[in-house]
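Colleague: Protein sequences, first through last, are from chains A and B. When we follow our numbering, the leftmost residue of the first sequence carries the number 949, and every step to the right adds one. When we follow our numbering, the leftmost residue of the second sequence carries the number 23, and every step to the right adds one. Below is a structure I'd like to ask you about.
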Amino acid sequence: MAQPAETVPDETAVSAETPKKELGPVFKLASGPTKWLDDRTGLAGLGRPFLRKVFPDHWSFLLGEIALYSFVVLILSGIFLTLWFKPSMSEVEYQGSYELLRGLHMSDAYASTLNLSFDIRGGLLLRQMHHWAAAVFIAAMLTHSLRIFFTGAFRKPREINWLIGVAMLGLGLVEGFAGYSLPDDLLSGTGLRFVDGLIRAIPLVGTWVEFFAFGGEFPGELIIPRLYMLHILLIPALLLGLIAAHLALVVYHKHTQYPGAGRTAGNVVGYPVFPVYAAKAGGFFLIVFGVLTLMGATMQINPVWVFGPYNPAEITAGSQPDWYMGFVEGAIRIMPNWEWHIGSTTWSWNVFLPGIGVMTLFFAVMAIYPFVEAWVTGDKSEHHVLDRPRNNPTRTAFGVAAMTGYAMLWIGGGNDLVATQFHVSLNSVTYFLRVAVFVAPVLAFLITKRICIGLQRSDADRMLHGAESGIIDRAPSGKYSERHRPISRFEAFKLTQHEDLPALLPLTEVDGMSEKEIKGEQRRRKATRFYFIDTLRRPTRAEIEEAAHHHMHAMAIEGDGEHHAIEPEPEEEHHLAR
Amino acid sequence: MSEDTAHGSKPGSEVATVDEERYPVPDPGLEPHLPRLTDVDERAADRATRQVATFFGLVPVLAIGFAVVYFAVPGDSYLDFGPLRANTRNLLLGLTFGLALLFLGVGAVHWARKLMDDHEMIDYRHGAASNDDDKNYMLTELDKVVDESKITRRKIIGRTLLAALATILLPMLVGLADLGPWPTKKKRAETIERTIWAPGVRVVNDVTFLPIKPESIEIGQLINSEPANLQELEGSEYQIEKAKAAVIVVRMDPNDITIPPTREGWNIGGILCYSKICTHVGCPISLWEQQTHHLLCPCHQSTFDLADAGKVVFGPANRPLPQLPIALDSEGYIVAQRDFLVPPGPSFFERDSRYDTTVTM
């Protein structure tokens, strides 16, 4: 919880010893059943490590929770939808209550989606909640992964949990796409048509994959039942298993914490699961659930009745996938039309590279990053205190560069909308993005790195000179200067607790190393220079003392009473009192 | 805070140590706990209590409201908010249920933030690795396990076991071989490499299924069309064939058109017929720029020049739109001379794309 800004001088909170209490009525009522259960399961022993387990508090830790809770909402709303949805592509004549489509021939899947939307009370609400929850689920996973990345929470011992997260993100995309395809409306059918073109384009085996996925030619009559199985059984089961493993590892490792006084690699400071987190996390689940419900009530999403049933000869302008497939869509759109025609074969690079290539690259880079960084630093120790993003400028710059590249592709996914909304040429937008997708990340990298180093300088400035007070002094000589206030010992610790990772010069002594080892080590040292050579070294103890001394000297001349950049240690030691 | 460690400790594992020396500023320990307003002012605490109780108290009201809406509000009533329109029942069901959930959650969080004890607690960490005792136990016991299994003395068991485990997967994989027909050369020729266009099949309007006469098409007009025999099909067969056979019939000024020498006789006085299926990933192409004779795909913006043999002028598509040779039948309706000479639609690996721009009959 945030610390109040002002100090309250005298302790007014009463911390009296709690007297021995009689057990409350609920305890008395529950004692019978719990004893019965405990005799058979050892409940008290099982619960003991968790009842008061400590979790640290920070808003950014809620991102993963949003992902978890929207997944729960997806399961709950999804169960409701399966009660009426028919995953069948057989042709029926619509006779429901939506008059504009009555009498039209369509698939049973589409007809039952219309039925859910118009004839089942609450069906439309649940359909829209389900769709919004899917969009939020993937957005939350992605932002959660950014939080993990920028704070270095993927470092040892959490690499496996990072990989589980990457797998869940990938499964989430497939799960979302499968769900998007089920209603068999014009938009979802167009999405499937695209996927058909995408898998056909795989060199050597594309046609085989297409025929096996669709049970023959596109669209056939099997793809929706098959996607339904993936969507409600296989992928949710995998996701549930991975979520269980993800959370089990979070419990085992204990949660990371942001740097601060008293927060070290050896402890975790926060609030207990009961009562605080039971109320906070339970309440937050209900808040996420409630907000998704309100979104389903007030914000239209995927109005399938407007699009009409799927017709392979029709399409709407501005066809777009859900937001999370936008980067792949953009890559497909801005790709030059490279295709090889060798002998009697066709190598469709214009579809394969931006489609399957970009997705593979995205997940592969995410998956290997922790291991690349661990190789560069050569660091084998465990990390439980998070990095402030500024203190690892190169990593932060890589992250922002990746986000920028993603953003360029994502804009490409709506190049037609950019063109129509901003009255620019579609062709120019596309040509611009073909360049920008490579150049913008480089610029973002350089700018981010400089910003991080600038922030490090400002930290160092606070450390050595204190905080700007906003008070201007005029000396008798007429010289103006700003008075600096000492920063607290707590802040000083926070600004300096991080590790300085060294940029290593090339090896000179290579005794007893093989040719291969030398090569590897030189390459690693080169990488450390790339990573850390610009990073600002944090002030040392000697420099801080020197600055304090200098400060005192200067202040003595100015006649100021404050002598330090950091407030001095008080008489009594730690404030750990409860 | 010694009592806090009791629940977290594992016997034998080391508490993680912290190297205090590496800090330029010594760790001053946790900041002093500061009481909240609700800790020191009983009236504030009472106010927070009332707020939490109000949030919780509204939940039954909203839950009952949901049930009332469910049974009382008809499905065909709509509410207008200026340009926005909402189904009354859907909106009210969502508002009652959503606010009930939200208030329950907000009440709980408010309770935790304002009234529950907010002293931070400390757990001590232990290295993620297991302790040496556990490791040694596992090693020595696993060694015994291997001995007791006799697998080291009777190696043949191990080898055959590995082979058995590897091959037991085979039936599971073979069982999937019927996922779809195998796209052999013969199968491809029957499916993705042909359409239902055939000599004499009429080109019909794709909405009315009426045949088309040249005189009914004006210069600059484009008609979305289908083969007349598509009507004989139903269900998935209909969709499969439509996805390949859809065409556009377009009439342009003959002076504006470039006809390759190999395609003389494929058009009727400036009326041409092209596949409507994009050669990129198969979206139906339908954005027609009459003055430039360009046809643009709304999916990925590939643009084809219909006045120049359907060539790609922009976008990610590589191959021109396949052209369907057309003629007139005895009654003066437009008919196909034959099926497409190249497979329409997106590329696939076994597609012979050498002749797409130079096809002859």
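Where a beta carbon is used, it is the ideal one built from N, C-alpha and C, also for glycine. None of the values given here were measured: they were computed from a predicted structure.
Are there 16 or more other CB atoms within 10 angstroms of the CB of A/M1247, so buried, or fewer, so exposed?
Modeller: Here the question's residue 1247 of chain A lines up with position 299 in the first sequence. Classification of A/M1247: exposed, given that the 10 Å Cβ count is below 16.
Colleague: Given 8 angstroms as the limit, is there contact between the region 1263 to 1275 of chain A and the region 161 to 177 of chain B, that is, 3 or more CB pairs closer than that?
Modeller: As far as the Cβ criterion goes, the region 1263 to 1275 of chain A does not touch the region 161 to 177 of chain B, which means the pair count is below three.
Colleague: Between the region 1119 to 1146 of chain A and chain B, which residues of the former have a C-beta closer than 8 angstroms to a C-beta of the latter?
Modeller: Answer in chain order: T1138, R1141, F1142, D1144, G1145, L1146.
Colleague: At what residues does the beta strand (DSSP E) containing A/L1134 begin and finish?
Modeller: Numbered from its first residue, the first sequence carries residue 1134 of chain A at position 186. Segment 1134 to 1148 is the alpha helix (DSSP H) holding A/L1134; no beta strand (DSSP E) there.
Colleague: Does DSSP classify A/P997 as helix, strand or coil?
Modeller: As a working note, residue 997 of chain A is residue 49 in the first sequence. Helix.
Colleague: Buried or exposed: which applies to B/D68, given that a residue is buried once 16 or more other Cβ atoms fall within 10 Å of its Cβ?
Modeller: The residue labelled residue 68 of chain B in the question sits at position 46 within the second sequence. Looking at its Cβ environment, which holds fewer than 16 other Cβ atoms inside 10 Å, B/D68 is exposed.
Colleague: Examine chain B for any beta-carbon lying closer than 8 angstroms to the beta-carbon of A/Y1219, and answer yes or no.
Modeller: In the first sequence, the residue the question calls residue 1219 of chain A occupies position 271. By this cut-off, A/Y1219 is an interface position.
Colleague: Counting Cβ pairs, one atom from each stretch, are 3 or more of them under 8 angstroms apart for the region 1355 to 1373 of chain A and the region 1385 to 1398 of chain A?
Modeller: In short, these stretches touch, since the Cβ pair count reaches three.
Colleague: Give the secondary structure of A/W1288 by DSSP, where H, G and I count as helix, E and B as strand, and everything else as coil.
Modeller: In the first sequence, the residue the question calls residue 1288 of chain A occupies position 340. Note: A/W1288 maps to strand in three-state DSSP.
Colleague: If you run the structure through DSSP and keep just helix, strand and coil, what is B/P96?
Modeller: The sequence position of residue 96 of chain B within the second sequence is 74, counting from 1. Three-state result, B/P96: coil.
Colleague: For the beta strand (DSSP E) that A/G1418 lies in, which residues bound it at each end?
Modeller: Counted from its first residue, the first sequence places residue 1418 of chain A at position 470. Where A/G1418 is concerned, the enclosing beta strand (DSSP E) stretches over 1415 to 1422.
Colleague: Could you pull the start and end residues of the beta strand (DSSP E) that B/N109 belongs to?
Modeller: By one-based count along the second sequence, residue 109 of chain B stands at place 87. Per DSSP, B/N109 belongs to the beta strand (DSSP E) from 106 to 109.
Colleague: Ignore the nearest five residues each way along the sequence and tell me which others in B/C321's own chain have a CB closer than 6 angstroms to its CB.
Modeller: Looking up residue 321 of chain B in the second sequence gives position 299. Only C305 meet the Cβ criterion.
Colleague: Helix or strand or just coil, what does DSSP make of A/Y1225?
Modeller: For this step, residue 1225 of chain A is matched to residue 277 along the first sequence. Note: A/Y1225 maps to helix in three-state DSSP.
Colleague: Any idea what DSSP makes of B/Q312, helix, strand or coil?
Modeller: Residue numbering aside, residue 312 of chain B sits at position 290 when the second sequence is read from its first letter. If DSSP states are grouped into helix, strand and coil, B/Q312 belongs with coil.
Colleague: Quick one: is B/Q313 near chain A, going by C-beta distance under 8 angstroms?
Modeller: Looking up residue 313 of chain B in the second sequence gives position 291. False, the Cβ-Cβ gap to chain A never drops below 8 angstroms.
Colleague: Roughly how many angstroms separate the alpha carbons of B/D378 and B/P342, rounded to a whole number?
Modeller: Reading the second sequence from its first residue, position 356 is the one you call residue 378 of chain B. Reading the second sequence from its first residue, position 320 is the one you call residue 342 of chain B. For B/D378 and B/P342, the distance between alpha carbons rounds to 7 angstroms.
Colleague: List, in order along the chain, the chain A residues whose C-beta lies closer than 9 angstroms to that of B/H316?
Modeller: Locating residue 316 of chain B in the second sequence gives position 294, counting from the first residue. Per Cβ cutoff of 9 angstroms: no residues; B/H316 is ~11 angstroms from chain A at best.
Colleague: Could you pull the start and end residues of the beta strand (DSSP E) that A/P1220 belongs to?
Modeller: Here residue 1220 of chain A refers to the residue found at position 272 when the first sequence is read from its first residue. First-last of the beta strand (DSSP E) with A/P1220: 1215 to 1220.
Colleague: Can you check whether the C-beta of A/T1294 is within less than 8 angstroms of a C-beta belonging to chain B?
Modeller: If you number the first sequence from 1, residue 1294 of chain A lands on position 346. Taking Cβ atoms only, chain B reaches closer than 8 angstroms to A/T1294, which makes this a yes.
Colleague: Between B/T206 and B/Q261, what straight-line distance do the alpha-carbon atoms span, to the nearest angstrom?
Modeller: By 1-based counting over the second sequence, the position of residue 206 of chain B is 184. By 1-based counting over the second sequence, the position of residue 261 of chain B is 239. The straight-line gap from Cα to Cα measures roughly 22 angstroms.
Colleague: Taking Cβ to Cβ, would you say A/T1099 is nearer than 8 angstroms to A/D1407?
Modeller: For the purposes of this step, residue 1099 of chain A is taken as the residue at position 151 of the first sequence. For the purposes of this step, residue 1407 of chain A is taken as the residue at position 459 of the first sequence. No, these two residues do not count as a Cβ contact at 8 angstroms.
Colleague: Out of curiosity, what's the CA-to-CA distance linking B/I234 and A/G1303?
Modeller: Position 212 of the second sequence, counted from the first residue, corresponds to residue 234 of chain B. Position 355 of the first sequence, counted from the first residue, corresponds to residue 1303 of chain A. If I take the Cα positions, the gap works out to 40 angstroms.
Colleague: Could you round the C-beta distance between B/W310 and B/A267 to whole angstroms and report it? I think they count as a contact, below 8 angstroms.
Modeller: Counting from 1 along the second sequence, the entry for residue 310 of chain B is found at position 288. Counting from 1 along the second sequence, the entry for residue 267 of chain B is found at position 245. With 8 angstroms as the limit, B/W310 and B/A267 do not qualify as a contact, their Cβ atoms being about 19 angstroms apart.
Colleague: With a Cβ-Cβ cutoff of 8 angstroms, do B/A85 and A/G1230 count as a contact?
Modeller: On the second sequence, residue 85 of chain B is found 63 positions in, with the first residue counted as 1. On the first sequence, residue 1230 of chain A is found 282 positions in, with the first residue counted as 1. Against a cut-off of 8 angstroms, the Cβ pair of A/G1230 and B/A85 comes out as no contact.
Colleague: Please list, in chain order, all residues of the same chain as A/L1119 whose beta carbon is under 8 angstroms from its beta carbon, the five residues on each side excluded.
Modeller: By one-based count along the first sequence, residue 1119 of chain A stands at place 171. Here the set comprises I1183, L1186, L1187, L1190.
Colleague: Out of curiosity, what's the CA-to-CA distance linking B/H148 and A/Y1200?
Modeller: On the second sequence, position 126 is the one that residue 148 of chain B refers to. On the first sequence, position 252 is the one that residue 1200 of chain A refers to. Looking at the two C-alpha atoms, the distance is approximately 9 angstroms.
Colleague: Between which residues of its own chain and B/Q5 is the CB-CB distance below 7 angstroms, once the five residues before and five after are set aside?
Modeller: With chain B represented from 23 up to 383, any question about residue 5 of chain B goes unanswered, as that position is not in the structure.
Colleague: Give, in chain order, every residue of the region 1373 to 1406 of chain A whose Cβ lies closer than 8 angstroms to some Cβ of chain B.
Modeller: So the close ones are L1374, N1375, T1378.
Colleague: At 9 angstroms on the CB atoms, spell out the chain A contacts of B/S308, in chain order.
Modeller: Translated into the one-based positions of the second sequence, residue 308 of chain B becomes position 286. Within 9 angstroms Cβ-Cβ: A1261, E1262, I1263, A1265.
Colleague: Tell me which residues share the same chain as A/R1106 and place their Cβ nearer than 7 angstroms to its Cβ, disregarding the 5 neighbours each side in the sequence.
Modeller: Locating residue 1106 of chain A in the first sequence gives position 158, counting from the first residue. H1201.
Colleague: State the start and end residues of the unbroken alpha helix (DSSP H) segment that holds A/T982.
Modeller: Position 34 of the first sequence, counting from 1, holds the residue named residue 982 of chain A. Unbroken alpha helix (DSSP H) run through A/T982: 973 to 989.
Colleague: Is it the case that the Cβ atoms of B/E263 and B/L252 are separated by a distance below 8 angstroms?
Modeller: By 1-based counting over the second sequence, the position of residue 263 of chain B is 241. By 1-based counting over the second sequence, the position of residue 252 of chain B is 230. In contact: B/E263 and B/L252 (Cβ atoms closer than 8 angstroms).
Colleague: Determine, using beta carbons only, whether A/F898 comes closer than 8 angstroms to chain B.
Modeller: Outside the displayed range of chain A (949 to 1526) lies residue 898 of chain A, so it cannot be described from this structure.
Colleague: Check A/M1089 in the structure and name its three-state DSSP category.
Modeller: Translated into positions along the first sequence, residue 1089 of chain A becomes position 141. It is helical.
Colleague: Note down the Cα distance separating B/A122 from A/M1314, rounded to an integer number of angstroms.
Modeller: Stepping through the second sequence from its first residue, residue 122 of chain B is reached at position 100. Stepping through the first sequence from its first residue, residue 1314 of chain A is reached at position 366. Cα-Cα distance, rounded: 39 angstroms.
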